[in-house]
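**Student:** For the sequence shown, our numbering gives the first residue as 177, with consecutive numbering after it. Glycine is no exception: its CB is placed at the ideal position from the N, C-alpha and C atoms. Since the structure is predicted, the reported quantities are computational estimates derived from the model, not experimental observations. Quick one: structure below, then a few questions.
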Amino acid sequence: MATWLYLLCSQRQSVRRYVRHRCCQLVDDMKLEEHPRTVFSTQPGRQANDDYFMTSGDKIRYFFEEEAFDENGKLKVDKHLSLNKIGHALHALDPEFKRFTFQEKIKATCQSLSMKKPVVVQSMYIFKQPGIGGEVTPHQDSTFLHTHPMDIIGLWIPLEDATEENSCLWFVPGSHKSQSMIYIHWLMAALWYNRQF
């Protein structure tokens with residue numbers, strides 16, 4: 177059975193600002209010509225056929241929004257506004273993200289959940305760009321991240337206030353207990369800020 181728990185927590189404003197700044201530096205340093213125009217999608221099967229995506233587990237890679245490029249492959253908007261996410265080894269390859277990922281507060285949270293030997297299998301910075309991007313359809317994360325056994329705890333840490341107006345995370349209460357791998361409909365859950373961190 178898959179165990180899915182999202183810790184909806186907020187860092188101090190200075191920490192949130194620092195992480196956003198570091199991500200901005202990574203995007204500044206990204207040379208567009210060195211990366212394929214890989215578009216991230218939550219549509220079933222789209223990423224499974226993409227080598228750039230499938231081999232990103234031990235790399236820092238850049239994934240674009242669906243509407244980021246014109247018919248000639250040129251960005252329609254600034255590269256900072258064209259990305260969907262950066263992943264999946266920020267925690268291993270970038271010193272600043274590594275320091276953030278392995279900080280004592282994160283370790284203490286994992287210990288409080290009775291994790292015996294926690295392992296970070298991936299990390300990503302997810303953008304929510306204004307006016308661009310594809311729909312994130314209802315889904316279970318386990319349809320994207322396959323592990324054996326299926327015993328996963330995901331930490332979701334918002335770096336900006338998340339509200340209904342700007343696309344907060346929604347989930348079905350108790351859905352972490354389901355063995356089902358089907359897509360589920362999400363219901364809004366209360367976000368508790370400044371409770372954990």
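(1) Per DSSP, what kind of secondary structure is R237 in: helix, strand or coil?
(2) With which residues is F245 paired in a DSSP beta bridge?
(3) Please report the straight-line C-alpha distance between L202 and F303, rounded to a whole angstrom.
(4) DSSP has M300 in a bridge; who is on the other side?
(5) Is W346 helix, strand or coil when you go by DSSP?
(6) Rounded to whole angstroms, what's the CA-CA distance from G350 to I328? Just pull it up for me.
(7) Run the CB neighbour count on N225, radius 10 Å, all protein chains shown included, and call it buried at 16 or more, exposed below.
(8) Can you pull the DSSP bridge partners for G310?
(9) Tell me whether S190 sits in a helix, a strand or coil according to DSSP, three-state version.
**Tutor:** In terms of the structure at hand:
(1) strand
(2) L251
(3) 13 Å
(4) G263
(5) strand
(6) 15 Å
(7) exposed
(8) In the DSSP output, where bridge partners are listed per residue, G310 has none listed.
(9) helix
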